[in-house]
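First to last, the protein sequences are chains A and B. Numbering-wise, the first sequence is residues 2 to 414 according to my numbering. Numbering-wise, the second sequence is residues 1435 to 1859 according to my numbering. In this text, a Cβ means the ideal position worked out from N, Cα and C, and glycines have one as well. In this text, all values refer to a predicted model and were calculated from it rather than measured experimentally.
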Amino acid sequence: MSSTVTENIRLHKLANGLTLVYEPMPWLRSLSMSVLLPVGSINDPVGEEGSANVLSEWLGRGAGELGSREFNDRLEGLGVRRGGGAGREAMSVSASMLAQELPNAFPLLADMLRRPQLSDDQFASSRELAIQELASLDDSPGQKLGEALNARFFSSAHGRSPYGTMEGLAGLTPDSVRADFERRFTPQGTIVAAAGGDEWERLVELTEAHFGDWQGEPAASEPARAGEPGRFHVEEDTSQVQIGIAFPSLEPTHPDWYKHSLALGVLSSGMGSRLFSEVREKRGLVYMVFAAARAVRGFGYVIGRAGTTPEKATETIDVMLAEFNRLREGVSEAELERSKTGSLSQLVMQGESSGARASALTTDMLLRGAPRSLDEAREQVARLTLGDVNGYLGSLPAPQPLIVTLGKGEGFQ
Amino acid sequence: MKELTFQQVQLDNGLTVIGELNENAKSFAAGYFVNTGARDESAAIAGVSHFLEHMMFKGTERRTAEDINREFDEMGARNNAYTSSEHTVYFGAVLPEQQPRILDLLSDMMRPTLRQDDFDIEKQVILEEIAMYEDRPSMRVFDTGNERYFNGHPMGNSVLGTPATITPLQREQMLDYFRARYAPNNLVVALSGNYDWDAAVRQLEELTAGWEPQETGRDHPPATPKTGFDVIEDGKLKRVHMGLWAPGLSAQDDRRYAAALLANVLGDSSGSRLYWELVDRGLADMAELWHDPADGIGMFNGYLSAAPERAQEVLEIARGVLRDAKSNPPSEEEWERAQKKLATGVTLQSETPFSRLMSLGTAFLYNRAYQSAGDVLAKVLGARREDAIELLAQGVLDELYVLQLGPAAVPAGNGAASQVGTGAG
């Protein structure tokens, strides 16, 4: 057990490997929690794809002594707003509340993770809901493209959809998912993050009391790997063609990360950024277009997204690719200044919201293995010069993108 | 810690400026709230409010479109705009030192040049936005359903318009609409967070000195909302999307908090009656009801999403839950839970200047009066269960309008459906 303080952020590691991270925000009445468990579609058992997703739904249906309805009523009676779900690498359980309710809400949330009832009678509907959510992707072309892009982009298990597969979901049984819970739910790699209020001592006490005796080894997961670049099309009868572009890039712990991040800001952070300006403002090709840095543990990549009617799809892709390539020629002083100002201003605004901070703390713990204070991020951004950023951009190889489209192929392929 | 301070002034040209000062905030948000939207359009110019919102970013006498976009970025602004049935809002959050700059930019944008070539390019963007929503059946069902439910009342007007109304739209028609609706007396400037009030008022007086007030109004014709059941078939779809409508209370009616709590008890996304009957059982992946108060009129709105083979059963159960509320109104326990849930939401929303600005500005447009987050909390926590029981007794949820959008012929719900229509696909 060890507690450390990095500027404003408090860190406490339990002997069993669970990490508590907290940022006090004493001027706020709210407190937001975000618990991240290293349980996701990447380590779903083979043949049981979607197990983490069903588990994430099933968990909330009764815990400790309380049945599904009592449990939910109790939390909502405290005014707790619950969120979360299963992702690729991790499952999240988030909760926002008035800080004063923490001592009442924490034991309930802990029960959900340590002592869920996972009763037979709640299993079928939990799985049914997961099946319906997967089926609903069919009426949501943007999301469907996102899944198709990921599936193609990763050659590792990171390409699996957090929704699971129809076959995987169909094969799940209450026993298989309970066994999965026993195996994958462990304190190692679990992060309990909170922000808001002024509750550090109470949080340490609650975390020790409710998670201190937890034991177990985490499930193994393979490192992320990218597949081959190329061009793929998914045929769908839709009004717009959904466009997804992805290529490998830097991970957040890379020394050049902030240069990368500011350069992407020039490409796509505001309405004056290059992509918005070239694709939408000058050519009227789209309503939505953006690029963003994405990361899983140990691996970073860039995605680009747009939606446009079929006859404009080829031009849209061409302009986007040209902009990705042009970035390697460097950015101007004014562009860099705008990207820095935008980034610094966003960091200040993030510091005003307990939910935004709790979520950023878990992301930093997952991807960087350490929390990052707003001051640290601000310093890293502020000290970079035009030479730093352009030196980095000049050293980059041409991106080898994967391009996936979804829509009516006729007219642009 | 300092308390919040409310400030308000009306300039000589009729422009109202309001502010909620929070000296503890690290940022500041400002917005122009225009009391105009799709309901203020005639059929010939359907979609013009939203198209105009886009055009307001396209340049002024002093700025090109590029200048506007660049300047927001130079300030590090988190900015955007939106158009609804009754409001058009332009807003941005920045650090306090950018106050003069963002007020200058937003104010300048309120007097656009609406150049023809920009108009032509932006029309393409609008058509893309319409195409994007065509691919989202959960949005489409509300666009179409609103029009049918409101049955000729302007609240049924589509915000985006359609390709048939946008394509022929002329710049001059937009200019006429702009002149009629963007008079200073139809605008409110709202500020929230950490700002300098005196400086803001002085600057706004200078920036808007030449703006001429004029007669602006809004029609409030009587509504004869539709009831019954319509089906639109679309072979491309895999799921059934159902929108539900019933008459509700206006944004000027104090019982709207009771209506919101009633909708929360019946149809919140978790822990509500619809949730337990449909989502918890795995019959529908979404089943929600909410209350939407508007200017002089209001409605309850719901959404159900289900597999085609279950759609009929899901709709029948949902109808049953809503009908049953009359004889089985919210219990005290359900009422208090809903109050707690809404109260947490109000508290979280009030914590950043950016999210606070929206409720500050829209509440003022509706009632021309300041409403602090504390006032809203008090209203939520003080809302009377008896008001909800009375609304139910009056039969607000007895007769619904339901629009079903889905793949193939799914038979209509039994009994409760008062009429079976077949929509145009």
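For D214(A), the closest Cβ of chain B is not nearer than 7 Å. Collapsing the DSSP output to three states places L1723(B) in a strand. Contact between H211(A) and F107(A) holds, since their C-beta atoms are separated by about 7 Å, short of 8 Å. Put simply, the backbone Cα of D74(A) is about 49 Å away from that of K1557(B). Listed as beta-bridge partners of W1679(B) by DSSP are N1735(B), Y1835(B). In chain order, R70 make up the part of chain A whose C-beta sits under 8 Å from the C-beta of W1710(B).
According to DSSP, residue pairing for R306(A) in a beta bridge involves G245(A), F291(A). G301(A) sits in a strand when the DSSP states are folded into three classes. Note on V47(A): under 16 other CB atoms within 10 angstroms of its CB, so exposed under the neighbour-count rule.
In the three-state DSSP reduction, E223(A) falls in the coil class, being neither helix nor strand. Using beta-carbon distances, G1677(B) does not count as an interface residue toward chain A, since no partner is under 7 Å. Along the region 13-28 of chain A, the positions whose C-beta sits under 7 Å from a C-beta of chain B are W28, read in chain order. Just so you know, the alpha carbons of L60(A) and S141(A) end up roughly 27 Å apart. Annotated as distal: A96(A) and G41(A), with beta-carbon spacing of 7 Å or more.
Fewer than three pairs of CB atoms, one per stretch, sit closer than 8 Å, so the region 116-127 of chain A makes no contact with the region 268-288 of chain A. Under the DSSP assignment, S52(A) falls in the alpha helix (DSSP H) whose first and last residues are 52-60.
Within the region 296-323 of chain A, contact with chain B at the beta-carbon level (separation under 9 Å) is assigned to G308, T309, T310, K313. The region 101-117 of chain A makes no contact with the region 1634-1648 of chain B; the number of CB pairs closer than 8 Å stays below 3. Apart from sequence neighbours up to five positions away, the residues of its chain that approach S156(A) with a beta-carbon distance below 6 Å are R226, G228, ordered along the chain. The beta carbon of R384(A) sits no closer than 7 Å to any beta carbon of chain B. Annotated three-state conformation of V1748(B) is helix, per DSSP. If you draw a straight line from the Cα of E148(A) to the Cα of H1675(B), it is about 22 Å long. Contacts between V1575(B) and chain A, judged by CB atoms closer than 8 Å, are missing: the closest CB pair is about 11 Å apart.
DSSP, read as helix, strand or coil, puts T317(A) in helix. When only Cα atoms are considered, T1450(B) and S1789(B) end up about 21 Å apart.
With 16 or more other CB atoms across the displayed protein chains lying within 10 angstroms of its CB, P1727(B) is buried. Counting every other CB atom within 10 Å of its CB across the protein chains shown gives Q241(A) a total of 16 or more, marking it as buried. Rounded to whole angstroms, R379(A) and P372(A) show a C-alpha spacing of 14 Å. Going by DSSP, M366(A) is part of the alpha helix (DSSP H) stretching over 355-369. Residue nearest to T1498(B) within the set L1815(B), A1817(B), H1725(B), L1548(B) is L1548(B) (criterion: CA-CA distance). In the DSSP assignment, the residues bridged to E236(A) are G408(A). For D1653(B), not one C-beta of chain A is nearer than 7 Å to its own C-beta.
Exposed is the label assigned to S1761(B), since fewer than 16 other Cβ atoms lie within 10 Å of its Cβ. Taking a C-beta distance under 7 Å as the contact criterion, H13(A) and L19(A) do not qualify as a contact pair. The continuous alpha helix (DSSP H) containing R1771(B) extends over residues 1766-1783.
In this structure, D1552(B) and M1489(B) form a Cβ contact; the two beta carbons are roughly 7 Å apart against a cut-off of 8 Å.
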